[in-house]
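With the UniProt record's numbering, the residue at position 90 of the sequence shown is 90, and numbering never jumps.
By construction, the Cβ of each residue, glycine as well, lies at the ideal position given by its N, Cα and C atoms.
Taking it in order: structure first as structure tokens, then the write-up.
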Amino acid sequence: MSTQETIYEESKVKTEKILESKSQNEEEICGQINGKENPVEQHKLSLMRIAVEQRDPSAKEADDFLLRRFLRARDLDVEKAAGMFLKYLKWRRTFVPNGFISEAEIQYDLSHNKMFLGGFDKQGRPINIVFGARHFQNPKQGGPDEFKRFCVYSLDKICSRIPAGQEQYLGIADLQGWGYANVDIRAYTGVLSLLQDCYPERLGKMLIIHAPRIFMAVWKIIYPFIDEKTKTKMIFVENRHLKSTLLEHIDESQLPEIYGGKMPLVPIQEA
Numbered sequence: 001m002s003t004q005e006t007i008y009e010e011s012k013v014k015t016e017k018i019l020e021s022k023s024q025n026e027e028e029i030c031g032q033i034n035g036k037e038n039p040v041e042q043h044k045l046s047l048m049r050i051a052v053e054q055r056d057p058s059a060k061e062a063d064d065f066l067l068r069r070f071l072r073a074r075d076l077d078v079e080k081a082a083g084m085f086l087k088y089l090k091w092r093r094t095f096v097p098n099g100f101i102s103e104a105e106i107q108y109d110l111s112h113n114k115m116f117l118g119g120f121d122k123q124g125r126p127i128n129i130v131f132g133a134r135h136f137q138n139p140k141q142g143g144p145d146e147f148k149r150f151c152v153y154s155l156d157k158i159c160s161r162i163p164a165g166q167e168q169y170l171g172i173a174d175l176q177g178w179g180y181a182n183v184d185i186r187a188y189t190g191v192l193s194l195l196q197d198c199y200p201e202r203l204g205k206m207l208i209i210h211a212p213r214i215f216m217a218v219w220k221i222i223y224p225f226i227d228e229k230t231k232t233k234m235i236f237v238e239n240r241h242l243k244s245t246l247l248e249h250i251d252e253s254q255l256p257e258i259y260g261g262k263m264p265l266v267p268i269q270e271a
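Structure (structure tokens):
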């Protein structure tokens, strides 16, 4: 056996040992073991359902997929997940009393044409594209709340396109042309809060592209507000590797035209 083959075999054995030594906690969070439902997660999901329904009868309307996302967001800690979910229910009733956000409520943000939907990535996740240079602080009183409503409107639209068997979406944050006029720390942290507290486990990956150097100063400010799980999903893509990186995740037929693909972008309000 050649030296190269020996190294390969040793590496293969080490990899197999690492895979075999996955902790029970990692298996629990995956939700499945060998393609079957994870009994530990299923048991904790049942406990969570009992806990939330006892405290808020409206929780009976929530399906297992919704509850499970909150459970996974808290690493299968039933009490923490239940508390998080109950806060979500209360928030949803208060912030979205009609069950949806109407376009009449978010005209300022819609007018800037900054949020789009594309095709689907290789995992079957819908693709969302946001253009950061088209975001400006709303000068009206109540502007921050209107932006939050815009985000809820957008996230609800995105999630409605997630097909059966998939629970997440892929986002592309395009910062081409982003500058000081677009700085809005309150808005950025607000979006993070919504994603992490109200739409947990919905973001599969966020590709941040065309990020100018001045954006990194803002990134340092908002970075501490990002939880550890979300941090692992955010990837800065260098311009020289842009198309190749996008094609790793998205087939050319589903890649937006502006990035060299064949899929036209659709404004969020027209999707």
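8 Å Cβ cutoff met for residue i and residue j
{"i": "residue 128", "j": "residue 188", "result": "no"}
{"i": "residue 51", "j": "residue 73", "result": "no"}
{"i": "residue 281", "j": "residue 158", "result": "Lying before the first or after the last residue shown, residue 281 is absent from the chain, which here runs from 1 to 271."}
{"i": "residue 96", "j": "residue 152", "result": "yes"}
{"i": "residue 237", "j": "residue 183", "result": "no"}
{"i": "residue 118", "j": "residue 265", "result": "yes"}
{"i": "residue 115", "j": "residue 160", "result": "no"}
{"i": "residue 66", "j": "residue 48", "result": "no"}
Per-residue DSSP class, three states only, for residue i
{"i": "residue 205", "result": "strand"}
{"i": "residue 218", "result": "helix"}
{"i": "residue 96", "result": "coil"}
{"i": "residue 56", "result": "coil"}
{"i": "residue 83", "result": "helix"}
{"i": "residue 264", "result": "coil"}
{"i": "residue 242", "result": "helix"}
{"i": "residue 190", "result": "helix"}
{"i": "residue 256", "result": "strand"}
{"i": "residue 226", "result": "coil"}
{"i": "residue 235", "result": "strand"}
{"i": "residue 76", "result": "coil"}
Residue i at chain D interface by Cβ criterion, 8 Å
{"i": "residue 254", "result": "Reference to chain D is not applicable here, since this structure consists of a single protein chain."}
Distance between beta carbons of residue j and residue i, contact taken as under 8 Å
{"i": "residue 269", "j": "residue 121", "result": "Contact flag wrong, Cβ pair sits at about 22 Å."}
- Would you check if the stretch 95-105 and the stretch 220-235 touch, i.e. whether three or more CB-CB distances between them fall below 8 Å? no
- Message: Could you tell me which whole beta strand (DSSP E) segments of length 3 or greater appear in the stretch 127-185?
- Response: 169-174
- Message: Check whether the stretch 128-138 and the stretch 89-101 are in contact - that is, three or more C-beta pairs closer than 8 Å.
- Response: no
- Item | Given 8 Å, three or more beta-carbon pairs between the stretch 174-183 and the stretch 141-149 | no
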